[in-house]
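Some notes on the structure that comes next.
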Amino acid sequence: MTTRKHESPAGVTRRARGALRRQELVEAAAAIIREEGPAAVSHRAVAKRVGCSLSATTYYFTGLDEMLAEAGRINIQMWARRAEQVADEVENAPPPSTFRGVTNAILQACLPPNEMLSTHYLQLLEAATTAPVAHAYADGRARLDDAIERVLQRIGISVPPALVVAVVDGAAVSALSEGRDVRETAHELLQKIL
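Note that the working numbering has the sequence shown beginning at 1315, numbered continuously upward.
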């Protein structure tokens, strides 16, 4: 490990611990956003989740907006990684031979696990009222769309990823609000556009 000129190894260790603590705080804020929505993120809530002092949350960030923006980046990157994993799997296997196989691949790339569906869509709607999170989601959207495009190309679908995501998201919101199965509703609607 290299150190800055005139900096002791202890200074490097202190910086490394600080970087880890900051990352821990951002990840806690990201989890709160996913579970409860952006409005639930506060310095106090993050400190409680991490088990640190309130002053630690204000030390590492210029303000709550910076923490929210970084937490939003973590979330959109996590969703993009999930879609990229699906794209990797689809690209390394024979293309699905049934329509159900095609839509299953799309839904794996677009949707979180079943137990997270309602909180996922609630926090997405709330993100619109929290500018730092909304901007982070918008900035990271291209990576998510690129992964979904890879899935679509491999399964031979020439529909823009933004349209597919809109249909899946619309199906999810409709199904959740009407007490229907999200994945079945999305399968039905995808069948109409693919």
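Positions of the beta carbon are idealized from the N, C-alpha and C atoms, including for glycine.
{"Asked": "Can the beta-carbon of Val1473 be found less than 8 Å from the beta-carbon of Leu1508?", "Found": "yes"}
{"Asked": "What's the C-alpha gap between Thr1303 and Ser1369?", "Found": "Residue 1303 lies beyond the stretch modelled for the chain, which goes from 1315 to 1508, so this question has no answer here."}
{"Asked": "Within 10 angstroms of the Cβ of Tyr1451, are there 16 or more other Cβ atoms? Answer buried if so, exposed if not.", "Found": "buried"}
{"Asked": "What residues in its chain sit with their C-beta under 7 Å from that of Gly1454, if we drop five residues either side in the sequence?", "Found": "Arg1387, Ile1390, Gln1391 and Ala1394"}
{"Asked": "What number of angstroms, rounded off, separates the C-alpha of Ser1367 from the C-alpha of Tyr1374?", "Found": "12 Å"}
{"Asked": "Going along the chain, which residues of its own chain have a beta-carbon closer than 6 Å to the beta-carbon of Ala1448, five neighbours each way excluded?", "Found": "Ala1441 and Ala1442"}
{"Asked": "Going by DSSP in three states, Leu1458 sits in which element: helix, strand or coil?", "Found": "helix"}
{"Asked": "What's the C-alpha gap between Ala1419 and Ser1491?", "Found": "24 Å"}
{"Asked": "Pairing CB atoms from the stretch 1458-1467 with CB atoms from the stretch 1398-1408, are three or more of them under 8 Å?", "Found": "yes"}
{"Asked": "Give the single residue among Asp1460, Asn1428 and Gly1470 whose Cα lies nearest to the Cα of Ala1489.", "Found": "Asn1428"}
{"Asked": "Taking the Cβ atom as the reference point for each residue, do Ala1385 and Ala1343 lie within a distance shorter than 8 Å?", "Found": "yes"}
{"Asked": "Pick out whichever of Ile1346, Asp1379, Glu1350 and Leu1378 has its Cα sitting closest to the Cα of Arg1363.", "Found": "Ile1346"}
{"Asked": "In whole angstroms, give me the CA-to-CA distance for Glu1341 and Ala1423.", "Found": "22 Å"}
{"Asked": "Taking 7 Å as the limit between beta carbons, can you name the residues of its chain near Pro1475, skipping five residues before and five after?", "Found": "Asp1459, Ile1462, Glu1463 and Leu1466"}
{"Asked": "Of the residues Thr1372, Glu1338, Ile1469 and Leu1378, which one's Cα is nearest the Cα of Pro1408?", "Found": "Ile1469"}
{"Asked": "Between the C-alpha atoms of Gln1437 and Gly1484, what's the straight-line distance to the nearest angstrom?", "Found": "15 Å"}
{"Asked": "If we ignore side chains and look at the alpha-carbon of each, how far apart do Leu1477 and Leu1503 end up?", "Found": "12 Å"}
{"Asked": "Here's the rule I'm using: 16 or more other beta-carbon atoms within 10 Å means buried, otherwise exposed. How should Ala1486 be labelled?", "Found": "buried"}
{"Asked": "Where Arg1396 and Val1404 are concerned, what is the direct C-alpha to C-alpha distance, given to the nearest angstrom?", "Found": "12 Å"}
{"Asked": "Taking all protein chains shown into account, do 16 or more other C-beta atoms lie within 10 angstroms of the C-beta of Gly1351, making it buried, or fewer, making it exposed?", "Found": "buried"}
{"Asked": "Going by other Cβ atoms of all chains shown within 10 Å of its Cβ, with 16 needed for buried, is Ala1480 buried or exposed?", "Found": "exposed"}
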